[in-house]
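**Student:** Pasting a structure below so you can have a look.
In mature numbering (1 follows the signal peptide of the UniProt record, and there is no 0), the protein residues as written are -21 to -1, 1 to 567.
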């Protein structure tokens, strides 16, 4: 499309002009008062209860995944208590309502607020309110006689500081904005005390002037950026995001870099040629934006098979290839497919990468998980690459055959020492996955499947006829594990897509949102419970464009489909996508 061609041409210039429209959701979040990130306890006592956090104009809960004493300590100290006594799980203080803002929390215990800890992302969760987290805080020995109350009149301070910038009253520091390729120059008078909040600028009490090189294209946005240094508020549009991100990088304002970088994620699914995504990643590397790098890598990992098939594959850099191969969320047919793609990439690069770099990438291939028949065929390859790295390939083959021939008890210790080699990626070969479409059920070839009658799809605007329900159910079988020892030992699975409470009730389960996917094993699965666990995945794919926009893990056999606002990436096809159920066995 013309839009994608424009994006492809402009990204290398690092100036993106897609739409002049404001990004309302992002703007609203940046305009939130400083109350964002505050916490409260909902319960009978002020020192204990369900933890709720304020974000995007409303209070929401915290999932108890990863919830431990370190997280409780941060909450309790943030509320003014000496510390935490204990944590509570499973909605002990009652189930909340509305959004679940935080999931998979990982605090060190020293953070000043809960939102400073590591977590999935605001609203990104696979939990229900049955998993709302709570805390019990220490109250001290004499809390009734020494109780403190917070008086906070700071909400208007941001506006006042913005007006101070606008007026220029009392300014004592000049910032000169230049463009090396032009004669254009801007001068702003600001307050040195404000700049001292940003140590990257190295402003001292004796400093009076700062000169910064900024492309003329970004000059119209400099004033709004400098005002942000005062007020911590700014309006961001897709047309201004690139410049504001570059200015934040230049001035060392990392928080703004991260926030503006999230705007870029809205563009990630837009380009099926992958030119935009690769340029975004390289830009993120140059500016040190780890959030942008991770968002791009996650999308490319999910769409790895499509990326490999595109012309862009041969052009990606060494460090991008290295970053991709280290991930376990790559969605590919199997590990042999990935190895073949890497070999083609190395051959196309020729002398651009050294022999040591080639070896470092080949060592990231998980030879143990290559299907044994393909592993066997590799030993007869006569390619130059195999000869140049003969020892590496032979070692991979040997360990692969050991993995397929030896019982788990013999290789348990090696698994602990080299765990990543044993972890499967998301393999979508017919042997391990099944697809349920919105309108049809696709049956993989050469694999026993058991359909429930009809293949008429569900229409969201019509009723819930039994034939439509049956089209969203499929039973299939997989090997118990990729090892050849388990090839003939099958596990039976049933994949379902449920759309309302009545359907959930028919199967004796409780559902809190829709649609919801269910994948459960039966029959022989329990025989391997002490050795094998199943870390299964649900993949959501746009049917018309083969665009994977979300990958969800199953919890207690269920995968709740998040709504568009809580997904890490926007859903480009909200009414026309398919469900792929992927079985991922791994040794415990």
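Think of the CB as a built atom: it goes at the ideal place given N, C-alpha and C, for glycine as much as any other residue.
From a predicted model like this one, the values you see are computed outputs, not experimental measurements.
Determine the burial state of residue 282: buried for a count of at least 16 other Cβ atoms within 10 Å of its Cβ, exposed for fewer.
**Tutor:** By one-based count along the chain shown, residue 282 stands at place 303. Using a 10 angstroms sphere on the CB of residue 282, the tally of other CB atoms reaches 16 or more, which defines it as buried.
**Student:** Closer than 7 angstroms by C-beta to residue 492: which residues in its own chain qualify, once you throw out the five before and the five after it? Chain order, please.
**Tutor:** Numbered from 1 along the chain shown, position 513 holds the residue referred to as residue 492. 539.
**Student:** Is it buried or exposed, residue 126, if we count other Cβ atoms within 10 angstroms and call 16 or more buried?
**Tutor:** Position 147 of the chain shown holds residue 126. Any reading at residue 126 must be qualified, since the residue scores a pLDDT of 46, below 50, and its modelled position is unreliable; the value itself is stated next. Exposed, since its Cβ has fewer than 16 Cβ neighbours within 10 Å.
**Student:** Give the range of the beta strand (DSSP E) segment to which residue 499 is assigned.
**Tutor:** Looking up residue 499 in the chain shown gives position 520. Where residue 499 is concerned, the enclosing beta strand (DSSP E) stretches over 495 to 501.
**Student:** Can you tell me the Cα-Cα spacing of residue 426 and residue 528, whole angstroms?
**Tutor:** Residue mapping note: residue 426 aligns to position 447 of the chain shown, counting from 1. Residue mapping note: residue 528 aligns to position 549 of the chain shown, counting from 1. Note that residue 426 has pLDDT 41, beneath the 50 cutoff, so the model's placement of it is unreliable and the number below is only indicative. Whole-angstrom Cα-Cα distance: 27 angstroms.
**Student:** With residue 37 and residue 77 assumed to form a contact (beta carbons below 8 angstroms), what rounded beta-carbon distance in angstroms separates them?
**Tutor:** Along the chain shown, one-based indexing puts residue 37 at 58. Along the chain shown, one-based indexing puts residue 77 at 98. Right, the Cβ-Cβ distance comes to about 6 angstroms (below 8 angstroms), so this counts as a contact.
**Student:** Tell me the start and end of each unbroken alpha helix (DSSP H) in the region 180 to 256 that is at least 4 residues and wholly inside, in chain order.
**Tutor:** 201 to 210, 217 to 230, 233 to 244
**Student:** Would you list the residues sitting across from residue 405 in a DSSP beta bridge?
**Tutor:** Here residue 405 refers to the residue found at position 426 of the chain shown. Beta-bridge pairing links residue 405 to 310.
**Student:** Would you report the Cα separation of residue 238 and residue 562, rounded to the nearest angstrom?
**Tutor:** Locating residue 238 in the chain shown gives position 259, counting from the first residue. Locating residue 562 in the chain shown gives position 583, counting from the first residue. Going from the Cα of residue 238 to the Cα of residue 562 covers about 35 angstroms.
**Student:** Indicate whether residue 167 and residue 154 have their beta-carbon atoms separated by less than 8 angstroms.
**Tutor:** Position 188 of the chain shown, counting from 1, holds the residue named residue 167. Position 175 of the chain shown, counting from 1, holds the residue named residue 154. The answer is yes: Cβ separation under 8 angstroms.
**Student:** Okay, do the region 346 to 355 and the region 375 to 386 touch, 3+ Cβ pairs below 8 angstroms being the bar?
**Tutor:** yes
**Student:** Rounded to whole angstroms, what's the CA-CA distance from residue 19 to residue 523? Just pull it up for me.
**Tutor:** Walking along the chain shown from the start, residue 19 turns up at place 40. Walking along the chain shown from the start, residue 523 turns up at place 544. Approximately 45 angstroms, taken between the alpha carbons.
**Student:** Report the partner residues of residue 116 according to the DSSP bridge assignment.
**Tutor:** Here the question's residue 116 lines up with position 137 in the chain shown. The partner list for residue 116 (beta bridge, DSSP) reads 63.
**Student:** Under 7 angstroms from any heavy atom of the ligand ADP, does the C-beta of residue 295 make it?
**Tutor:** Questions concerning the ligand ADP fall outside what the structure shown contains, since it holds no ligand whatsoever.
**Student:** Can you name, in chain order, every residue of its own chain whose Cβ lies under 8 angstroms from the Cβ of residue 402, other than the five neighbours on each side?
**Tutor:** The residue given as residue 402 occupies position 423 in the chain shown. Taken in chain order, the residues that qualify are 307, 345, 565.
**Student:** Measuring only between beta-carbons, confirm whether residue 177 sits less than 8 angstroms from chain C.
**Tutor:** The structure shown contains no chain C; it holds only a single protein chain.
**Student:** To the nearest angstrom, how far is the alpha carbon of residue 68 from that of residue 113?
**Tutor:** Taking the chain shown and counting its residues from 1, one reaches residue 68 at position 89. Taking the chain shown and counting its residues from 1, one reaches residue 113 at position 134. Distance between the alpha carbons of residue 68 and residue 113: 6 angstroms.
**Student:** Cα separation between residue 263 and residue 313?
**Tutor:** Residue 263 sits at position 284 when you count from the first residue of the chain shown. Residue 313 sits at position 334 when you count from the first residue of the chain shown. Their backbone Cα atoms lie some 29 angstroms apart in a straight line.
**Student:** Below 8 angstroms between beta carbons: does that hold for residue 501 and residue 471?
**Tutor:** In the chain shown, the residue the question calls residue 501 occupies position 522. In the chain shown, the residue the question calls residue 471 occupies position 492. Yes, the Cβ-Cβ distance between residue 501 and residue 471 is below 8 angstroms.
**Student:** Would you mind reading off the limits of the beta strand (DSSP E) that contains residue 529?
**Tutor:** For the purposes of this step, residue 529 is taken as the residue at position 550 of the chain shown. Where residue 529 is concerned, the enclosing beta strand (DSSP E) stretches over 526 to 532.
**Student:** Any contact between the region 134 to 147 and the region 86 to 93? By contact I mean 3 or more CB pairs, one from each, below 8 angstroms.
**Tutor:** no
**Student:** Measure the CB-CB distance between residue 56 and residue 40 and report whether it falls below 8 angstroms.
**Tutor:** The residue given as residue 56 occupies position 77 in the chain shown. The residue given as residue 40 occupies position 61 in the chain shown. Result no, Cβ atoms of residue 56 and residue 40 do not sit closer than 8 angstroms.
**Student:** One question on the structure: do residue 260 and residue 277 come within less than 8 angstroms of each other, judged by their Cβ atoms?
**Tutor:** Residue 260 sits at position 281 when you count from the first residue of the chain shown. Residue 277 sits at position 298 when you count from the first residue of the chain shown. Contact flag unset, no.
**Student:** Rounding to the nearest angstrom, what Cα-Cα distance links residue -1 and residue 553 in this structure?
**Tutor:** Your numbering for residue -1 matches position 21 in the chain shown. Your numbering for residue 553 matches position 574 in the chain shown. With a pLDDT of 32 at residue -1, under the threshold of 50, the modelled position of this residue cannot be trusted, and the question is left open.
**Student:** I need the straight-line Cα distance from residue 66 to residue 370, nearest angstrom please.
**Tutor:** Against the chain shown, residue 66 aligns to sequence position 87. Against the chain shown, residue 370 aligns to sequence position 391. Rounded to the nearest angstrom, the two C-alpha atoms are 52 angstroms apart.
**Student:** Need the endpoints of the alpha helix (DSSP H) that residue 55 sits in, please.
**Tutor:** Reading the chain shown from its first residue, position 76 is the one you call residue 55. It spans 48 to 57 - the alpha helix (DSSP H) in which residue 55 sits, taken as one unbroken run.
**Student:** Report back the beta-carbon spacing between residue 286 and residue 253 to the nearest angstrom; my notes put them in contact at under 8 angstroms.
**Tutor:** Position 307 of the chain shown, counted from the start, is the residue given in the question as residue 286. Position 274 of the chain shown, counted from the start, is the residue given in the question as residue 253. Confirmed, about 5 angstroms.
**Student:** When the Cα of residue 373 is compared with those of 21, 387, 338, 42, which residue comes out closest?
**Tutor:** Position 394 of the chain shown holds residue 373. The residue with the shortest Cα to Cα distance from residue 373 is 338.
**Student:** Let me know the secondary structure DSSP gives residue 316 once reduced to three states.
**Tutor:** The sequence position of residue 316 within the chain shown is 337, counting from 1. Three-state result, residue 316: helix.
**Student:** Alpha carbons only, please: which of 193, 85, 515, 200 is nearest the one belonging to residue 474?
**Tutor:** The residue labelled residue 474 in the question sits at position 495 within the chain shown. Taking only the C-alpha atoms, the option nearest residue 474 is 515.
**Student:** CA-CA distance, residue 201 and residue 520?
**Tutor:** Translated into the one-based positions of the chain shown, residue 201 becomes position 222. Translated into the one-based positions of the chain shown, residue 520 becomes position 541. Each residue's Cα considered, the two are about 40 angstroms apart.
**Student:** Taking Cβ to Cβ, would you say residue 118 is nearer than 8 angstroms to residue 60?
**Tutor:** Counting from 1 along the chain shown, the entry for residue 118 is found at position 139. Counting from 1 along the chain shown, the entry for residue 60 is found at position 81. It is a contact, given that the beta carbons lie within the stated cut-off.
**Student:** Which of the three DSSP states, helix, strand or coil, is assigned to residue 322?
**Tutor:** As a position in the chain shown, residue 322 is number 343, starting the count at 1. Here residue 322 sits in helix by DSSP.
**Student:** According to the Cβ coordinates, are residue 165 and residue 231 closer than 8 angstroms?
**Tutor:** Reading the chain shown from its first residue, position 186 is the one you call residue 165. Reading the chain shown from its first residue, position 252 is the one you call residue 231. Their beta carbons are not under 8 angstroms apart, which means residue 165 does not touch residue 231 by this criterion.
**Student:** With respect to the alpha helix (DSSP H) encompassing residue 143, which residues constitute its N-terminal and C-terminal limits?
**Tutor:** One-based indexing of the chain shown puts residue 143 at position 164. Where residue 143 is concerned, the enclosing alpha helix (DSSP H) stretches over 136 to 146.
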